[in-house]
Each structure stands twice: as C-alpha cells, then as structure tokens.
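In what follows, a single structure is set out as structure tokens and then discussed.
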Amino acid sequence: MNAAKVIGRVVATAKWKTLEGKTLLLLQPTDWSGRACGDIIVAADSVGAGAGEFVFYVKSREACFSWLSGNKQLLAEMPPLDATVMGIIDGVDMIDEPDAGKKLVK
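In this note's numbering, the protein residues as written are 77 to 182.
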C-alpha cells in the first residue's frame with residue numbers, strides 16, 4: 077500500500093461500466109510522513125475520501141479487486157484501473173525515524 081494526499085477530483089461522465097457512479101480522485105503520492113514524492117495520479121475512490129485527506133491506495137492489478145466485491149464477474153470484466161483509494165488515514169506513528177514518536181496526521 078502507498079500513502080497520498082487527495083488534491084482534487086476528475087469528472088468523467090463516460091467510463092468503464094463497473095465504475096459508473098464512482099468518483100475518480102487526483103492523488104499526490106507522499107511518503108508516510110506526508111511529504112510529497114512522485115507524480116500526481118488518478119485513482120478510483122472506494123471509501124468516500126475528500127480533498128485534503130491523507131489516504132492509502134493500492135496500485136496495479138490489486139486496484140480493481142475492491143470493485144468486484146460481491147460480484148461474480150469474470151477476470152476479463154475487471155475495470156482497467158491503475159490505482160484505488162482503499163482507506164483514509166487518521167494518523168501515523170513511526171519509530172526509528174528522525175522524528176521518532178511524533179504523531180503524524182493530515
């Protein structure tokens with residue numbers, strides 16, 4: 077899993093059938109302390125995250141699994157996703173870092 081900050085939304089009225097009615101978010105990937113790293117990406121939102129929230133997401137093939145929960149779709153019908161937001165991070169406690177013990181939040 078990876079960390080990111082939600083920096084916006086993508087509006088797409090025409091999209092893969094499985095994603096109809098779902099939100100696409102713009103994410104700025106971050107390290108786990110919240111520092112930006114990497115290029116901005118688009119991710120499907122499975123948890124209702126909003127702008128400014130610190131989230132975790134999965135990439136690659138795993139990104140489509142949450143959209144098939146409860147569905148008996150074939151592998152060929154999985155949505156072609158590169159990333160899906162899987163949760164909203166309330167805080168991160170890290171050890172063995174320069175700021176060890178510092179509680180990190182949005």
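Glycine is no exception: its CB is placed at the ideal position from the N, C-alpha and C atoms.
- Pairing G110 with F130 gives a Cβ-Cβ distance under 8 Å.
- Per DSSP, reduced to three states, the secondary structure at K81 is strand.
- Boundaries of the beta strand (DSSP E) around L101: L100 to T106.
- In the DSSP annotation of this structure, the continuous segment of the beta strand (DSSP E) that includes D121 starts and ends at I117 to D121.
- Burial is judged here by how many other beta carbons sit within 10 angstroms of a residue's own beta carbon; A90 has fewer than 16 and is exposed.
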